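Reading through the structure tokens given below for one structure.
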Amino acid sequence: MGLMTWNVLVLPGDGIGPEVTREAIRVLEHVAARWGHQTRLQEALLGGAAIHATGSPFPDRTRELALESDATLLGAVGLPEFDGLPPSERPEKGLLGLRKALDVYANLRPVRCYDSLIESSPLKNAIVQGTDILIVRELTGGLYFGQPRGIEGAGPDETAVNSMVYTRHEIERVGRMAFGLARQRRGRLTSVDKANVLENSQLWRGIMTQLSTEYQDVELDHMLVDNCAMQLLLRPADFDVVVTENLFGDILSDEASVLAGSIGMLPSASIGDRLPSGALRGLYEPVHGSAPDIAGRGLANPLAAIGSVAAMLKYTFGLSEESAAVERAIGEVLASGTVTADLKPAGEPASTRDVGLAVCSAVG
Ligand code: IPM
Ligand code: MN
Numbered sequence: 062m063g064l065m066t067w068n069v070l071v072l073p074g075d076g077i078g079p080e081v082t083r084e085a086i087r088v089l090e091h092v093a094a095r096w097g098h099q100t101r102l103q104e105a106l107l108g109g110a111a112i113h114a115t116g117s118p119f120p121d122r123t124r125e126l127a128l129e130s131d132a133t134l135l136g137a138v139g140l141p142e143f144d145g146l147p148p149s150e151r152p153e154k155g156l157l158g159l160r161k162a163l164d165v166y167a168n169l170r171p172v173r174c175y176d177s178l179i180e181s182s183p184l185k186n187a188i189v190q191g192t193d194i195l196i197v198r199e200l201t202g203g204l205y206f207g208q209p210r211g212i213e214g215a216g217p218d219e220t221a222v223n224s225m226v227y228t229r230h231e232i233e234r235v236g237r238m239a240f241g242l243a244r245q246r247r248g249r250l251t252s253v254d255k256a257n258v259l260e261n262s263q264l265w266r267g268i269m270t271q272l273s274t275e276y277q278d279v280e281l282d283h284m285l286v287d288n289c290a291m292q293l294l295l296r297p298a299d300f301d302v303v304v305t306e307n308l309f310g311d312i313l314s315d316e317a318s319v320l321a322g323s324i325g326m327l328p329s330a331s332i333g334d335r336l337p338s339g340a341l342r343g344l345y346e347p348v349h350g351s352a353p354d355i356a357g358r359g360l361a362n363p364l365a366a367i368g369s370v371a372a373m374l375k376y377t378f379g380l381s382e383e384s385a386a387v388e389r390a391i392g393e394v395l396a397s398g399t400v401t402a403d404l405k406p407a408g409e410p411a412s413t414r415d416v417g418l419a420v421c422s423a424v425g
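Numbering (our numbering), first residue to last: 62 to 425.
Below, the structure written as structure tokens:
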């Protein structure tokens, strides 16, 4: 791959977003310098920070810049001051708008248990050892976006409605993405649904079964979401790729973070189809939220944000060597014990910045 210019939009967002993003950018710039690429970074507002500055959680300028960029790197959104407000007025609305605007329908959330972090998980070592799961969460449909929605009426008849809506097209495209990814890994795909209750899941399950005839080298199984929540903790090492709808994926990925030792370890890549130009635009964000309780104190683990940079190099820029170098550096830093407090190190915890600097020096 020749030398490139990386056009990246940076959205630090709220809470710990700015501090973890700063370290992710440090690593991105370091890799660019080391391999001779150029970066063109622009910054914009999203979430609570954007509401404060403009009144909107997803300003038009942010939308324009995101659509012009190759990749967007996001910190986190959400602040407690907005807790009492309806979903339509909250910072999270900005993130949902961004995902929809970019049409990044597949959210890839890898969950790995590094040997050096085996003591960081509260689960028994023999259970978490060898865990290496890729959760593929549908990101632009389902209950998060379905119409009708809203609250109507008053008194005992006051009624709240949300709709779980999926079209065949939406299920097929995320299904194909998951089958394709399973093919590049260990060839196993678990489709998670609630087909014993929901029509929505009946369609989902039927489509996954149909697709499997096109991917005969991938072994497909179906699992009900409640059972999956349990199996993830009983025998996590048996899972390879998991594909599921938006809300189930949201819940299962937070649960699965316990296998990795901390939610501060989970990166994510949100991607869709290639643009007509051949580019694969992506949105890269840590799975953890804005954690306002620890914001601004250098306590936050930046590895999920840094891992999201590795994913950006791999998926959007197609740079497997640079991406692998960042992933290897993360592994080395973990093994060296330079980790933040969430990973419960034996010695003094490192700061957010210490970890960012350590990853840069491990990249070399
Ligand atoms: C996530 C988050 C978001 C989601 C919130 C902040 C809207 O929890 O990315 O998992 O529910 O998708
Ligand atoms: Mn979540």
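Idealized CB from N, CA, C, for every residue including glycine. This structure is a prediction, so every number in the text was calculated from the model and none was measured.
Answer with buried or exposed for residue 64, where buried requires no fewer than 16 other C-beta atoms within 10 angstroms of its C-beta. exposed
C-beta atoms of residue 139 and residue 351 nearer than 9 Å: Cβ atoms of residue 139 and residue 351: closer than 9 Å.
Look at residue 417 and residue 363 and say whether their C-beta atoms are less than 9 Å apart. yes
Length-filtered (4 minimum) alpha helix (DSSP H) runs lying within the segment 325-412: Those alpha helix (DSSP H) runs which fall completely within the segment 325-412 and span 4+ residues are 364-376, 381-397.
Name the DSSP bridge partner or partners of residue 198? For residue 198, which the question treats as bridged, DSSP gives the partners 168, 305.
Assigned secondary structure, residue 284 (DSSP; H/G/I helix, E/B strand, else coil): strand
Where in the segment 139-187 do unbroken runs of the alpha helix (DSSP H), each at least 4 residues long, occur, reported from the N-terminal end onward? 152-163
C-alpha gap between residue 133 and residue 215, whole angstroms: 42 Å
Given that a residue counts as buried once 16 or more other Cβ atoms are within 10 Å of its Cβ, and exposed if not, what is residue 337? exposed
Residue 390 versus residue 78 - alpha carbon distance: Those two C-alpha atoms are separated by around 22 Å.
Give a single yes or no on whether residue 329 has its beta carbon closer than 8 Å to a heavy atom of the ligand IPM. Residue 329: yes, Cβ under 8 Å from the ligand IPM.
Residue 131 and residue 68: beta carbons closer than 9 Å? yes
Does DSSP put residue 212 in a helix, a strand or coil? strand
Closer than 5 Å: residues whose CB approaches a heavy atom of the ligand IPM: 153, 311
DSSP three-state call for residue 92: helix, strand or coil? helix
Inter-residue Cα distance where the pair is residue 427 and residue 184: This structure cannot settle anything about residue 427, because the visible part of the chain is limited to 62 through 425.
Would you kindly check if the distance between the Cβ of residue 331 and the Cβ of residue 167 is under 9 Å? yes
Between 92, 122, 116, which has its C-alpha nearest residue 72's C-alpha? 122
Which residue comes first and which comes last in the alpha helix (DSSP H) that contains residue 262? 260-273
Answer yes or no: do residue 201 and residue 173 have a C-beta to C-beta separation smaller than 9 Å? no
Helix, strand or coil: which one does DSSP assign to residue 252? strand
Going by the DSSP bridge assignment, what does residue 104 pair with across the sheet? 71
Where does residue 310 fall in DSSP's three states? helix
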